[in-house]
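In my numbering, the protein residues as written are 5 to 235.
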């Protein structure tokens with residue numbers, strides 16, 4: 005198992021309440037934040053996704069060790085992503101036809117990401133990427149059926165900042181519907197409204213039979229997510 009560094013992101017993550025055992029591998033220092041990569045994606049008007057394995061022993065998940073890019077302003081998002089993840093050789097970094105950056109660790113079970121959803125209605129609006137995933141995508145009947153059949157656990161709850169007053173529809177939000185999309189395609193479409201990176205972490209179930217799943221979202225509007233104490 006690759007060494008991981010913990011990233012606190014409870015406010016924008018779908019956290020898994022897990023009884024899985026902590027990683028036996030000591031965590032490496034979190035050398036640099038994701039901010040340089042997110043800034044590069046923002047300049048190029050594209051987004052990204054990350055698929056990794058972990059232990060889900062923390063609410064924020066286990067995160068790949070990140071390296072400090074030597075130079076960021078003149079490099080492409082692909083170059084910055086490759087340099088950022090250079091110390092994690094199991095993660096393959098590529099660019100799709102739309103320019104989005106894909107970061108995929110080999111051997112991660114991704115069956116859930118390929119489930120086709122017939123219809124998703126964002127009735128009432130989703131006001132963050134986490135909200136869109138938590139209340140709509142992961143509650144689709146096809147997703148729930150697959151998770152039950154394959155012993156996959158994930159919480160669809162989440163922390164909410166601020167008051168309980170209804171949010172204004174003048175704020176950025178996702179509305180309307182999606183039809184005939186896979187889970188990963190739906191996550192990509194969510195990032196068209198909330199640009200950044202969606203991350204999928206698969207962890208072994210404590211009983212050894214299934215999975216715990218994290219979906220996390222990172223963007224430039226939450227700078228406190230990048231402030232991680234050094235040990």
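For each residue, glycine too, the CB sits at the ideal point set by N, CA and C. Note that this is a predicted model, so its numbers are computed, not measured.
Shown here, residue 220 sits in a strand according to DSSP, grouped into three states. Membership of residue 138 in any beta strand (DSSP E) is not indicated; the residue belongs instead to the alpha helix (DSSP H) covering 133–139.
Counting along the chain, the unbroken alpha helix (DSSP H) around residue 145 starts and ends at 145–153.
Taking all protein chains in view, the Cβ of residue 153 is surrounded by fewer than 16 other Cβ atoms within 10 Å, so the residue is classified as exposed.
A direct Cα-Cα distance of roughly 15 Å separates residue 222 from residue 81. Secondary structure remark: continuous beta strand (DSSP E) runs of at least 3 residues inside the region 77–141, in chain order: 95–99, 105–109, 120–125. Pairwise C-beta distances place the region 175–184 out of contact with the region 90–97, as fewer than three of them are shorter than 8 Å.
Within its own chain, the residues whose Cβ lies closer than 6 Å to the Cβ of residue 155, once the five positions on either side in sequence are excluded, are 213, 214, listed in chain order. In this structure, residue 150 and residue 140 do not form a Cβ contact; the two beta carbons are roughly 16 Å apart against a cut-off of 8 Å.
Cα atoms of residue 129 and residue 197: separation of roughly 12 Å, rounded to the nearest angstrom.
Residue 40 and residue 199 have their alpha carbons spaced roughly 14 Å apart.
Annotation for residue 57: the continuous beta strand (DSSP E) segment containing it runs 52–57.
For residue 203, the CB contacts under 6 Å within the same chain, skipping 5 residues up- and downstream, are 54, 220 in chain order.
Residue pairing from DSSP places residue 182 in a beta bridge opposite 124. Look at residue 188 here: in three-state DSSP terms it is helix.
Within the DSSP bridge table, the entry for residue 208 names 215 as partners. In the DSSP assignment, residue 42 falls within the alpha helix (DSSP H) that extends over 39–48.
Distance from the CA of residue 56 to the CA of residue 188, rounded to the nearest whole angstrom, comes to 14 Å. Sequence-distant Cβ neighbours of residue 133 in its own chain, meaning closer than 6 Å and more than five residues away, are 194, 198, 221. Spatial neighbours of residue 108 in its own chain (CB-CB distance under 6 Å, excluding positions within 5 residues in sequence) are listed in chain order as 55, 96.
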